[in-house]
Structures are given as structure tokens and as C-alpha cells.
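Number of protein chains: 2
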Amino acid sequence: MTLNVVGHGVAYREKVSEFPWIDNPAKTFLASSFAVPPFPKRPTLGYRNISISASSMSGAKQLAMPENTIEQVELLTSVNDAHGGVIVNIEQPMDSGVFAPLLKASISEWRNQEKKGVWLKLPIEHANLIESAVKEGFRYHHAEPNYLMLVYWIPETADTLPANASHRVGIGAFVMNSTREVLVVQEKNGRFKGTGVWKFPTGVVDEGEDICAAAIREVKEETGIETEFVEVLAFRQSHKSYFSKSDLFFVCMLQPRSFDIQKQNLEIEAAQWMSVEDYIAQPFVQKQELFSSVAKICLAKSNKDYVGFSPYCSTTSSGKRSFLYFNNQDLKHIGASDKQQ
Amino acid sequence: MTLNVVGHGVAYREKVSEFPWIDNPAKTFLASSFAVPPFPKRPTLGYRNISISASSMSGAKQLAMPENTIEQVELLTSVNDAHGGVIVNIEQPMDSGVFAPLLKASISEWRNQEKKGVWLKLPIEHANLIESAVKEGFRYHHAEPNYLMLVYWIPETADTLPANASHRVGIGAFVMNSTREVLVVQEKNGRFKGTGVWKFPTGVVDEGEDICAAAIREVKEETGIETEFVEVLAFRQSHKSYFSKSDLFFVCMLQPRSFDIQKQNLEIEAAQWMSVEDYIAQPFVQKQELFSSVAKICLAKSNKDYVGFSPYCSTTSSGKRSFLYFNNQDLKHIGASDKQQ
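Each protein sequence line maps, in turn, to chains G and V.
Mapping of the first sequence onto the UniProt record's numbering: residues 1 to 341, in sequence order.
Mapping of the second sequence onto the UniProt record's numbering: residues 1 to 341, in sequence order.
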């Protein structure tokens with residue numbers, strides 16, 4: 001099972017197998033099977049002894065041994081992934097002087113076994129081993145606060161290891177009350193600081209957070225207003241907006257369920273209900289194409305002349321949920337009727 | 001300018017300023033201003049001498065000096081970001097024994113200056129410095145193949161540094177010809193290997209690649225078929241499908257512009273035009289909710305009973321493009337008429 005998951009973790013970039021919902025229908029709507037850590041958690045000394053006959057070591061350039069002799073070689077503990085590669089998860093402290101030769105010998109053995117990608121996960125407490133891995137030819141794949149993942153491609157063929165996460169996701173919330181006023185804020189920071197510009201509440205979708213949940217959360221955090229998610233009205237993809245990453249920004253319509261604004265003081269300078277006409281009349285909304293386009297979409301929606309994508313929620317037996325967003329005006333009966341969260 | 005961009009690079013997680021298209025209308029449709037590297041490229045020795053009066057060092061816990069004396073202190077070269085933090089980009093080789101005390105003294109000085117977040121960018125060739133930074137209290141923020149970004153939060157208040165990219169993005173392509181046959185493939189790898197299941201071409205959207213361009217590319221790569229992008233019919237968000245990351249998968253409709261299949265041999269076992277009824281009749285399509293839901297949407301679209309989101313392209317003066325996807329049947333005149341790529 002864990003290997004299985006690891007397999008997904010290291011699915012090759014060009015292979016659809018890195019999309020479990022495509023390659024494994026049984027998991028299509030259930031992320032549950034992927035909710036376990038991608039690496040086995042069993043304790044390990046970090047390396048093991050194996051016997052290798054020299055005659056089988058022809059592919060191991062780093063180790064030279066006379067023909068037909070047997071030699072004890074220490075190797076790092078590894079597990080195979082589902083794509084012809086191996087995964088090494090260093091869990092115990094190790095001196096870099098011990099690690100370097102182990103890694104070198106292990107790569108020789110993996111090359112001999114015709115392995116492809118090598119995944120080396122180094123928890124931050126083992127940062128002392130990074131330099132040795134880099135000297136051995138490893139490159140960085142990704143990092144999270146508490147670990148660094150390095151990769152090494154053994155074959156002569158082109159490296160087809162999957163890329164790291166490529167996008168950040170954000171939301172903008174269009175919230176209109178019964179008197180056609182929209183919920184807007186002025187921020188204490190950012191480019192509009194002190195400009196007097198009123199804008200929709202916006203924010204970042206957290207890793208593991210549903211877009212519809214993030215929109216409700218951000219509106220509540222910034223203005224104290226309770227809302228119900230209605231639709232994704234549009235989305236925009238932009239590039240190079242954060243280091244080298246791309247962004248996906250979803251314009252969401254939400255229905256207010258409360259009306260007394262309690263603004264959040266840390267980020268929000270002011271918040272109010274503003275007539276939609278006054279919002280649209282703001283020069284920056286008029287001048288800037290995205291803002292004017294989004295304003296037109298929101299206005300059409302408020303006049304019931306526009307249909308966006310609604311979230312269709314499916315819950316797995318294990319309680320995991322996943323949302324499919326689509327035009328449910330054109331296609332009303334797509335499955336069970338448990339719409340939304 | 002660079003500082004400006006750096007500012008975006010380190011926009012605080014909870015602040016909308018990390019979304020340039022929200023906080024800077026002028027840049028809303030143009031990623032151009034963010035297409036420069038987030039760090040200044042000027043050569044630097046990596047550190048500098050400054051004079052600090054001891055009386056101003058009260059906040060610098062690591063340095064103890066008698067009152068009212070002047071001492072030469074070496075500090076790392078840093079640039080301020082737009083959010084009260086600093087950025088250090090080590091460009092020259094440095095011995096870790098030299099780096100460690102420089103970093104310690106610099107943190108003291110930054111604390112004294114009431115700086116917040118410290119961003120330390122270490123190119124992979126300077127992996128020898130990572131351990132010292134971790135010992136000083138830095139954590140990993142993100143890594144790309146050739147560098148590791150570490151961060152350190154100086155204030156007593158909660159760390160509000162922005163998160164790393166959280167999502168991977170994929171596409172599935174619904175391509176139907178004039179005789180109501182859909183373009184399907186069998187893959188050499190992944191869960192469906194050897195199952196005989198026929199599925200839509202799918203793939204990963206590269207960092208910096210537009211969703212509509214990725215769909216056209218994947219269909220061409222896997223089947224050799226030329227297509228024109230029509231609409232995003234639906235999208236699905238799932239979690240924990242790749243390490244801890246979330247996924248966004250876009251179901252796209254494309255119009256074929258060529259019909260002779262030239263399958264790609266590396267990943268594709270077989271490719272063909274298959275009657276849409278036969279595709280839908282496949283047991284896995286019937287059994288699995290996402291597949292049956294997507295099949296219903298595609299069928300409705302093929303009967304012209306469904307409207308998805310179309311890409312609206314805007315090109316900046318510098319040639320950068322960005323797409324807004326929306327229901328252009330309900331809202332035809334959103335701006336200039338330069339639809340699509």
C-alpha cells in the first residue's frame with residue numbers, strides 16, 4: 001500500500017499515472033488512499049549489508065572487484081517505487097563521512113539493478129548529508145519546512161522525473177446583499193495600501209483546502225460575514241507571479257448569510273457594503289482589463305444572466321471529499337443530489 | 001523594480017499582496033513585471049563591513065559589547081523586501097566557517113532593525129552552507145533543481161511567511177470528430193496498464209504553461225492529432241495525491257484539426273478513434289463517479305446542450321499573455337475580441 005502510494009508520489013512527469021483519478025478509477029473521487037505519508041514510517045538503521053558477486057557488478061562503475069569474488073558491501077536502505085526507481089528515507093542521524101561511501105555504493109548497486117530515479121528524502125535534522133548527496137550528483141526536487149527531497153537519474157536516457165507543484169491558488173469573493181451592495185475591503189498592506197481603493201475579499205487557498213471552503217473562510221476572516229458558496233464565475237491563470245511559479249485565481253460568488261461586518265484588524269483597514277455601481281465606477285476597475293471583465297461577469301451574474309461552475313461534492317466511505325466544478329444549469333442530474341459541502 | 005518583484009516573492013501568506021493581479025491592477029493581466037528573477041543579479045562578495053554603535057545593538061542578543069563603543073561587524077549582504085523582511089542571495093562560494101558567524105551577526109543586526117522574515121537563497125553549489133543555516137534556526141521554504149530557499153522568522157509574533165506552491169495541475173482532453181468518435185488511448189504504464197481500458201489523453205500542465213496550450217500539446221504528443229482548444233468543461237480539485245500537494249484537473253474540449261493518428265511509442269500502447277457510446281459503455285466509466293460524470297458532461301457538450309468556460313486572452317505590451325476562463329455564451333462582449341491564443 002505504502003509502495004503503491006509512493007508510486008504515485010514518483011509517477012513520471014509525462015505519465016498519466018501521476019494522476020490517480022485517471023489511472024485508478026477506484027480512487028477517482030477518493031483521495032483517502034493518498035492521505036498516508038508517501039514514505040514508509042518503519043524505523044530503519046539507514047543502511048544494510050548485502051553480498052554481491054563481482055561478476056554481477058559490471059554495471060557498477062564506482063566499485064572495482066576481481067571477477068567471481070564475493071564482497072560485503074554496505075548499502076542504504078531503500079524501497080522500490082512503482083516506476084523502476086528507488087526511495088531512500090534517512091530517518092536516523094548519520095555522519096556524512098559514513099553516508100557518502102554508502103550512497104556511492106548504493107548508486108552503483110542501483111545502476112547494476114538498472115534502476116531509474118533515486119529519491120532521497122532528508123529530514124531537516126539531517127541537513128549535514130545534503131552536501132555529500134549533491135557531490136554525488138543529486139539535484140533538489142522539492143522542499144517542505146521539515147525536509148528536502150533530492151533526486152538522481154541513473155539511466156543515460158533523459159530524466160523524466162515529475163516536476164514539483166507548479167501552481168499557487170487564490171480566490172476572490174463576490175458577495176452581494178439583497179440591496180445590490182457588494183462586500184468590499186481596503187487593505188493595510190500591498191499595492192493598494194493608502195489608495196482608498198475598495199476591492200473584493202481575496203486570499204490564498206491552502207494546501208489540502210477546497211476552493212469553495214477557502215472562499216467562505218477568507219470572507220469570514222476579513223469581514224466576519226457568514227456566506228454560502230454559490231459558483232466559480234471565472235478563473236485566471238498567470239505565470240511568474242511568485243518566484244517561478246504560476247497562479248490560478250478563482251472568482252467566486254457567495255451568498256451572504258449575515259450582514260454585520262466585523263473587520264479583521266491585522267490585514268484589513270476598512271470593510272463595507274458598497275453599491276455595485278459605485279464599486280464598478282472606481283477608476284482602477286474601469287481601467288484594468290481583468291477588473292472590468294470580472295466586474296461585467298459579476299454584474300451579469302447579479303442579473304441572473306450568467307452561469308458559472310457549481311461544486312459537486314462526493315464523499316468517500318472514509319469521509320474524504322473531492323469537488324467537481326461544472327455548469328449544473330446545463331447538466332442538472334450528474335449523480336447523487338448531495339450538492340456542495 | 002527588482003525589489004518590487006522580490007516584494008511579491010515574499011508577500012505574506014495571509015496578505016492579498018501576494019496576488020499581484022489583485023493588488024496591482026496595472027499588472028493584473030500582465031505577468032511581465034514578474035518575469036524577472038526574484039533576486040538582484042548584481043555580483044556581490046556576499047558580505048560587507050558596517051559600523052554599529054553598541055548602544056544601538058541592544059536588540060542584538062548574539063553580540064555583547066560595552067555601551068557607547070563602536071565595533072566593526074561583518075554582515076551578509078541583504079536587500080529589503082516590501083514586507084519588512086530581508087533577502088540574502090549567496091552568489092559567491094563561501095566557507096561554512098566564515099558563513100556561520102556572518103549569519104549569526106546579520107540576524108542580530110536584522111533583529112535590531114526589527115526586520116521580520118529573512119529569506120536565504122542558496123544555489124545548489126553552496127549546499128555546504130545549509131547545515132549552518134539550519135543550526136541558526138532557518139527552515140526550508142521551497143527548492144527548485146538548482147537552489148534551496150530557507151526562511152527565518154525573527155519576531156516573537158506568529159510566522160506569516162507565504163506558503164510554497166500548493167497545487168499541481170493536469171488536463172484531460174475530450175476530442176470528438178464529425179462522426180461522433182472520441183480520441184482515446186491505452187497507456188503503457190500506470191494503473192490501466194494491460195487492462196484494455198481506453199481513456200482520454202491526459203497530462204501535466206508545466207510551470208509557466210497555459211492550460212489551453214497544455215491540452216493541445218498533450219493530445220499532439222500522445223496521438224499526433226492537431227487540435228484547437230474549445231472550452232474547459234469542468235475541473236476537479238483533489239488533495240494528497242502527490243506528496244502532500246493538491247491537484248487541479250481540468251477537463252478540456254478540443255476540436256480536431258487532423259485525423260490520422262501517429263501514436264507516441266514511449267507512453268502510449270495504442271490510440272484510436274472510438275464511438276462515444278463505446279467509450280461510455282466501458283465498465284470503468286460506468287462504475288466510477290468522476291468518469292461517468294465527466295462522460296455525461298462531454299455527451300451533453302457534443303449535443304450542444306452544455307456551456308463550459310472559454311479562454312479569453314490578453315496580451316501585454318511586453319508580449320506576456322494571461323488567460324481568463326469564463327462562460328462566454330452568457331457574456332459575449334467582455335473586452336477586445338482577441339479570443340484565445
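Even glycine gets a Cβ: it sits at the ideal position worked out from N, Cα and C.
These numbers come from a predicted model, not from an experiment.
Simplified DSSP state of arginine 139 of chain G, which is helix, strand or coil: strand
Burial state of alanine 165 of chain V (16 or more Cβ within 10 Å): buried
Residue environment, histidine 333 of chain V, which counts as buried when at least 16 other CB atoms sit within 10 Å: exposed
Where arginine 139 of chain V meets chain G, residues with beta-carbon distance less than 8 Å: Ile124, Pro145, Asn146
Boundaries of the beta strand (DSSP E) in which tyrosine 306 of chain V is found, first to last residue: Looking at the DSSP string, tyrosine 306 of chain V is not in any beta strand (DSSP E), and its letter there is neither H nor E.
Cross-chain neighbours of serine 322 of chain V in chain G, by beta carbon under 9 Å: Arg236, Gln237, Ser238, His239, Leu290
Beta carbon proximity, serine 106 of chain V to chain G, threshold 9 Å: no
Near-chain C residues of the region 82-110 of chain V (beta-carbon distance less than 8 Å), N- to C-terminal order: No chain C appears in this structure, whose protein chains are G and V.
Identity of the residues DSSP links to arginine 257 of chain V by a beta bridge: Paired residues: none, contrary to the question.
Chain-ordered chain G contacts of glutamate 131 of chain V [CB-CB under 8 Å]: Ala127, Asn128, Ile130, Glu131
Inside the region 211-257 of chain G only - alpha helix (DSSP H) runs reaching at least 4 residues: 211-223
Integer-rounded CB distance, given that alanine 173 of chain V should sit under 8 Å from alanine 234 of chain V: In fact, because the Cβ distance is near 13 Å, the residues do not count as touching under 8 Å.
Proximity test, Cβ basis, 9 Å: glycine 224 of chain G and chain V: no
Cβ contact (3+ pairs, closer than 8 Å) linking the region 183-193 of chain G and the region 131-143 of chain G: no
Burial state of phenylalanine 229 of chain G, where buried means 16 or more other Cβ atoms lie within 10 Å: buried
Lysine 104 of chain V versus isoleucine 297 of chain G: straight-line alpha-carbon distance, rounded: 52 Å
Helix, strand or coil at leucine 299 of chain G [DSSP, three-state]: helix
Cβ distance (whole Å) where glutamate 267 of chain G is taken to contact glutamate 222 of chain G below 8 Å: 7 Å
Any alpha helix (DSSP H) of 4 or more consecutive residues that is wholly inside the region 68-118 of chain G: 96-112
Same chain, Cβ closer than 7 Å to asparagine 128 of chain V, neighbours up to 5 away in sequence not counted: Ser96
Asparagine 265 of chain V: contacting residues in chain G (beta-carbon distance under 7 Å): Under the 7 Å cutoff, chain G gives no residues; its nearest Cβ is about 12 Å from asparagine 265 of chain V.
Chain-order list of residues whose beta-carbon lies under 7 Å from that of lysine 193 of chain V (same chain, five-residue window excluded): Glu187
CA-to-CA distance, isoleucine 225 of chain V to lysine 304 of chain V, given in whole angstroms: 23 Å
Within chain G, partners of glycine 308 of chain V - CB distance below 7 Å: Asn327
Other residues of its chain near arginine 180 of chain V: CB distance less than 6 Å, five sequence neighbours each side excluded: Val276
Best match in V:Ser293, V:Glu207, V:Pro101 for proximity to lysine 240 of chain G [C-alpha to C-alpha]: V:Glu207
Contacts of isoleucine 211 of chain V in chain G (Cβ-Cβ under 8 Å): Gln237
Unbroken stretches of the alpha helix (DSSP H), 4 residues or longer, contained in the region 163-189 of chain V: none
9 Å Cβ cutoff met for arginine 168 of chain G and histidine 167 of chain V: yes
Neighbour flag for alanine 163 of chain V against chain G, beta carbons, 9 Å: yes
CA-to-CA distance, valine 151 of chain G to proline 162 of chain G, given in whole angstroms: 10 Å
Where isoleucine 297 of chain V meets chain G, residues with beta-carbon distance less than 7 Å: Phe326, Leu331
C-beta neighbour in chain V for phenylalanine 243 of chain G, strict 9 Å: yes
Pair within 9 Å by beta-carbon distance, glutamate 131 of chain G and glutamate 131 of chain V: yes
Euclidean distance between Cα positions of glutamate 231 of chain G and glycine 190 of chain G: 27 Å
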